[in-house]
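Residue numbers (the numbering used here): 142 to 462. Have a look at the structure below, then the notes.
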């Protein structure tokens, strides 16, 4: 309670100061320039220390995947035969040997493989989220705007698809198409748009009766044009927030599939595949094989979730100060 009273008092002081500045500007004849939604959201986001810290961590991970290969002395497939005899004693992380993260169980450089694994997981997460957002946004906006029996049929189809275990669908696709890397993107994207469509559909129902939509309808603008030019642009805030929260979920799904051995195949790798390989070698005295990939995995996932929470708070129309 004292903390709430203190925050309330601080907000009242802040708003009082803003009011005084506006009155002074009006008295001096200055023009008052309003702040747009995105400018206001940007300021609110950068006042969130946790979100800004997560964004910095995520930027460092991206920088690692871009700049890291410049410092690598080994390729992802090259085997260090000189140290392969006893990985537990010779394969530990070492700057002198150029194996900054040590060797994996086959004598390959774990630093180079971690870079590729992080890049692969991020690509799968971003592309999978992009596919899910595009399909889900268009599907949900069309169903909500058209309404009637079309809306009922489309959303009942979504309910049926949601009832099917999505992991089973992804595994089935990977087995049918011989563990294709392209099918990994398609499979994750196909089953991830369902929740997005329901969210967009609900928001569309609240927008389609707004004045600007009715004006466009009266002017004879087509349905698809209204959806693309009026409905979807007003849903960008929600779409952006959900997309940032969807990327870590895509990475988790890909990591689990790779952990089962059905995802990214050799010589390529992902964080899930590296964690799966390292999990079976901890008892042999090589903890770095799981510590390095799981570190980047946790930093990436946690950072994405914090950034998503920060964007959600920044774009929340109920709390604007």
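Where a beta carbon is used, it is the ideal one built from N, C-alpha and C, also for glycine. In this text the structure is predicted, and so the values were computed from the model without any measurement.
Please classify residue i: is it buried, with 16 or more other beta-carbons within 10 angstroms of its beta-carbon, or exposed?
{"i": "residue 455", "result": "buried"}
{"i": "residue 439", "result": "exposed"}
{"i": "residue 250", "result": "buried"}
{"i": "residue 315", "result": "buried"}
{"i": "residue 154", "result": "Interpretation of residue 154 is limited by its pLDDT of 42, a score under 50 that renders its predicted location unreliable; no figure is taken from the coordinates."}
{"i": "residue 366", "result": "exposed"}
{"i": "residue 286", "result": "buried"}
{"i": "residue 245", "result": "buried"}
{"i": "residue 329", "result": "buried"}
{"i": "residue 389", "result": "buried"}
{"i": "residue 147", "result": "Confidence at residue 147 is low in this model, with a pLDDT of 45, below 50, so its placement is unreliable and the value that follows should be read with caution. It counts as exposed."}
{"i": "residue 395", "result": "buried"}
{"i": "residue 405", "result": "buried"}
{"i": "residue 171", "result": "Model confidence at residue 171 stands at a pLDDT of 49, short of 50, so the residue's coordinates are unreliable; what they give is reported in the following sentence. With fewer than 16 other Cβ atoms within 10 Å, it is exposed."}
{"i": "residue 299", "result": "buried"}
{"i": "residue 212", "result": "exposed"}
{"i": "residue 266", "result": "buried"}
{"i": "residue 416", "result": "buried"}
{"i": "residue 378", "result": "buried"}
{"i": "residue 368", "result": "buried"}
{"i": "residue 262", "result": "buried"}
{"i": "residue 188", "result": "exposed"}
{"i": "residue 337", "result": "buried"}
{"i": "residue 173", "result": "Summary for residue 173: the model assigns pLDDT 47, below 50, so the residue's position carries little reliability; its value from the coordinates is reported in the next sentence. Label assigned to residue 173: exposed."}
{"i": "residue 247", "result": "exposed"}
{"i": "residue 391", "result": "buried"}
{"i": "residue 354", "result": "buried"}
{"i": "residue 184", "result": "exposed"}
What first and last residue would you give for the alpha helix (DSSP H) that runs through residue i?
{"i": "residue 355", "result": "352-359"}
{"i": "residue 496", "result": "Since the first and last residues shown for the chain are 142 and 462, residue 496 lies out of range."}
{"i": "residue 418", "result": "412-420"}
{"i": "residue 441", "result": "429-455"}
{"i": "residue 307", "result": "307-317"}
{"i": "residue 194", "result": "190-208"}
{"i": "residue 301", "result": "289-304"}
{"i": "residue 370", "result": "Looking at the DSSP string, residue 370 is not in any alpha helix (DSSP H), and its letter there is neither H nor E."}
{"i": "residue 348", "result": "335-348"}
What does residue i pair with, by DSSP beta-bridge criteria?
{"i": "residue 249", "result": "220"}
{"i": "residue 240", "result": "235"}
Report yes if the CB atom of residue i is closer than 8 Å to the CB atom of residue j, and no otherwise.
{"i": "residue 408", "j": "residue 218", "result": "yes"}
{"i": "residue 362", "j": "residue 278", "result": "no"}
{"i": "residue 437", "j": "residue 202", "result": "yes"}
{"i": "residue 310", "j": "residue 332", "result": "yes"}
{"i": "residue 334", "j": "residue 276", "result": "yes"}
{"i": "residue 345", "j": "residue 372", "result": "yes"}
{"i": "residue 257", "j": "residue 410", "result": "yes"}
{"i": "residue 199", "j": "residue 445", "result": "yes"}
{"i": "residue 274", "j": "residue 284", "result": "no"}
{"i": "residue 339", "j": "residue 402", "result": "no"}
{"i": "residue 382", "j": "residue 452", "result": "yes"}
{"i": "residue 255", "j": "residue 242", "result": "yes"}
{"i": "residue 413", "j": "residue 400", "result": "yes"}
{"i": "residue 442", "j": "residue 376", "result": "no"}
{"i": "residue 268", "j": "residue 326", "result": "yes"}
{"i": "residue 221", "j": "residue 233", "result": "no"}
{"i": "residue 288", "j": "residue 385", "result": "no"}
{"i": "residue 186", "j": "residue 195", "result": "no"}
{"i": "residue 216", "j": "residue 182", "result": "no"}
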